[in-house]
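Novice:
Numbering (this note's numbering), first residue to last: 8 to 404.
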């Protein structure tokens with residue numbers, strides 16, 4: 008089971024190369040710069056055995072001749088879905104960390120898709136080797152039996168690109184706040200230091216035309232949403248990180264309108280890892296489930312039965328006669344009625360429309376939610392792909 012030599016580009020030749028855990032460590036953790044990885048890699052392999060994983064596949068620059076690799080890609084395969092850990096494990100390696108992707112033998116096509124991505128590299132046009140670590144000395148080399156279609160490959164690529172080795176000092180994500188009408192969002196002064204101290208890039212979205220006539224003018228609303236669309240794409244591209252949202256009042260409409268504007272069963276240009284809503288003026292029937300794993304990873308809706316403004320939002324046909332959006336409603340008072348596993352809702356009578364966003368809620372409710380769901384979009388996208396595959400198989404049958 009000897010691993011081949013590197014090619015002229017310092018990478019393993021194409022194909023799946025099987026080796027033992029000891030050989031992997033001897034080969035890739037032996038130089039002065041790489042010895043520090045020996046124990047963490049051993050811990051990962053021990054973790055795999057303790058959880059009864061059956062295969063571990065590794066790609067990225069860690070299995071190249073780079074003295075200081077900048078990424079490691081790892082898929083841990085279990086016999087059945089029920090054995091997959093409920094949370095993504097983040098492993099720290101000498102000031103670096105990476106997330107382990109999980110799959111099971113019940114989804115062989117998914118595993119083949121990940122191996123293809125590892126073989127293609129980040130430019131998607133390479134043909135490089137992948138290492139299969141033989142956990143139990145079975146010498147059972149993986150055989151690829153499936154090539155993903157273009158749509159499936161694109162979904163897998165999104166997951167893959169967000170789960171590689173990153174600097175431990177990299178930000179937890181981009182946290183965007185969106186205020187409501189007649190507001191300059193003074194509460195940003197509380198969110199900014201709290202979120203920044205926990206590793207987030209804080210980016211408040213401020214729109215000038217925030218007067219009440221937005222509720223009755225379709226054209227003015229469209230302009231605000233379009234401006235947000237350009238702004239959030241620029242922010243995401245500039246900092247190259249997951250985007251999460253805190254939206255208040257009319258800000259909740261902006262998010263809802265952005266999502267429904269790309270509502271064609273495709274990923275929008277910017278996906279949202281987590282969305283926190285307070286004083287929501289979205290309709291209670293807003294269907295979050297259709298966006299799960301496609302454009303949103305998790306949602307937290309704060310319900311305030313005593314919200315003095317949201318309770319007057321119409322949810323009847325009256326809206327269309329006075330220029331209001333069909334998206335408008337009372338989710339901030341009544342909550343969302345359509346169920347989805349990614350939606351968390353809490354109801355508190357102490358809240359009004361304007362007193363929710365204070366330090367106690369930011370520190371004890373919102374930041375723990377955001378930090379616990381930093382990988383929510385990737386996890387839900389993985390599940391979305393599995394649901395799509397299952398539904399396709401059902402239709403074929």
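Backbone N, C-alpha and C fix where the C-beta goes; we use that ideal spot for every residue, glycine too. Quick caveat: nothing in here was measured; it's all calculated off a predicted structure.
Beta-carbon of residue 296 versus every beta-carbon of chain C: anything under 8 Å?
Specialist: No chain C appears in this structure, which consists of one protein chain only.
Novice: Out of 396, 326, 197 and 261, which one is the CA nearest neighbour of residue 223?
Specialist: Walking along the chain shown from the start, residue 223 turns up at place 216. It is 326.
Novice: Residue 385: buried (16+ other C-beta within 10 angstroms of its C-beta) or exposed?
Specialist: Sequence index remark: in the chain shown, residue 385 carries index 378 (1-based). Counting Cβ neighbours within 10 Å, residue 385 comes out buried, since at least 16 surround it.
Novice: Where does residue 70 land, buried or exposed, given buried means 16+ other C-beta within 10 angstroms?
Specialist: Mapped onto the chain shown, residue 70 falls at position 63. Buried, by the Cβ-count rule.
Novice: Could you check the C-alpha separation between residue 41 and residue 34 for me, to the nearest Å?
Specialist: The residue you call residue 41 lines up with position 34 of the chain shown. The residue you call residue 34 lines up with position 27 of the chain shown. Straight-line Cα distance between these residues: approximately 10 Å.
Novice: Of the choices 354, 297, 265 and 246, whose alpha-carbon is the least far from that of residue 346?
Specialist: As a first step, residue 346 must be located in the chain shown, where it is residue number 339. Comparing Cα positions, the closest option is 297.
Novice: Would you mind sorting residue 46 into buried or exposed? The rule is 16 or more other CB atoms within 10 Å of its CB.
Specialist: As a working note, residue 46 is residue 39 in the chain shown. So residue 46 ends up on the exposed side.
Novice: CA-CA distance, residue 264 and residue 37?
Specialist: Taking the chain shown and counting its residues from 1, the one referred to as residue 264 is at position 257. Taking the chain shown and counting its residues from 1, the one referred to as residue 37 is at position 30. Cα-Cα distance, rounded: 53 Å.
Novice: Thinking just about the alpha-carbon of each residue, which of 286, 293 and 368 is nearest to the one in residue 266?
Specialist: Working through the chain shown from its first residue, we reach residue 266 at position 259. Considering only alpha carbons, the answer is 293.
Novice: Distance, Cα to Cα, residue 192 vs residue 124?
Specialist: The residue given as residue 192 occupies position 185 in the chain shown. The residue given as residue 124 occupies position 117 in the chain shown. So the two alpha carbons sit approximately 43 Å from each other.
Novice: Looking only at C-alpha atoms, which of 43, 88, 16 and 151 sits nearest to residue 64?
Specialist: Within the chain shown, numbered from 1, the residue matching residue 64 stands at position 57. Of the candidates 43, 88, 16 and 151, the one whose C-alpha sits nearest the C-alpha of residue 64 is 151.
Novice: Under the criterion of a Cβ to heavy atom distance below 7 Å, does residue 275 qualify as lining the ligand MN?
Specialist: Absent from the structure shown: the ligand MN. Ligands present: none.
Novice: Which value, in whole angstroms, describes the spacing of the CA atoms of residue 170 and residue 249?
Specialist: Your numbering for residue 170 matches position 163 in the chain shown. Your numbering for residue 249 matches position 242 in the chain shown. Caution applies to residue 170, whose pLDDT of 49 falls short of 50 and renders its modelled position unreliable; the value that the coordinates give is listed next. Looking at the two C-alpha atoms, the distance is approximately 11 Å.
Novice: If the criterion is Cβ atoms closer than 8 Å, does the pair residue 189 and residue 208 meet it?
Specialist: In the chain shown, residue 189 corresponds to position 182, counting from 1. In the chain shown, residue 208 corresponds to position 201, counting from 1. Contact flag unset, no.
Novice: Using alpha carbons as the reference points, say which of 126, 143, 112 and 66 lies closest to residue 27.
Specialist: Reading the chain shown from its first residue, position 20 is the one you call residue 27. The shortest Cα separation from residue 27 among 126, 143, 112 and 66 belongs to 143.
Novice: Whose CA, out of 67, 286 and 390, lies closest to the CA of residue 320?
Specialist: Start at 1 with the first residue of the chain shown, and residue 320 comes out as number 313. Of the listed residues, the one whose Cα sits closest to residue 320 is 286.
Novice: Beta-carbon separation of residue 342 and residue 308 under 8 Å?
Specialist: If you number the chain shown from 1, residue 342 lands on position 335. If you number the chain shown from 1, residue 308 lands on position 301. Closer than 8 Å, so yes.
Novice: Please classify residue 230: does DSSP put it in a helix, a strand, or coil?
Specialist: As a first step, residue 230 is located in the chain shown; it is residue number 223 there, counting from the start. Of the three classes helix, strand and coil, the one that applies to residue 230 here is helix, per DSSP.
Novice: For residue 11, is the classification buried or exposed, using 16 other Cβ atoms within 10 angstroms of its Cβ as the cut-off for buried?
Specialist: Residue 11 sits at position 4 when you count from the first residue of the chain shown. Per the 10 Å Cβ criterion, exposed.
Novice: Which one or two residues does DSSP pair with residue 1 in a beta bridge?
Specialist: What the structure shows of the chain is the stretch from 8 to 404, and residue 1 is not part of that stretch, so it cannot be assessed.
Novice: Does the Cβ of residue 172 have 16 or more other Cβ atoms within 10 Å, making it buried, or fewer, making it exposed?
Specialist: Here residue 172 is taken as the residue at index 165 of the chain shown, counted from 1. The pLDDT assigned to residue 172 is 39, lower than 50, so where the model puts this residue is not dependable; a value taken from the coordinates is nonetheless given after this. With 16 or more Cβ atoms within 10 Å of its Cβ, residue 172 is classed as buried.
Novice: Using a Cβ-Cβ cutoff of less than 8 Å, which residues in the same chain neighbour residue 154 once the five nearest sequence positions on both sides are dropped?
Specialist: Mapped onto the chain shown, residue 154 falls at position 147. So the list reads 119 and 123, once near-sequence residues are dropped.
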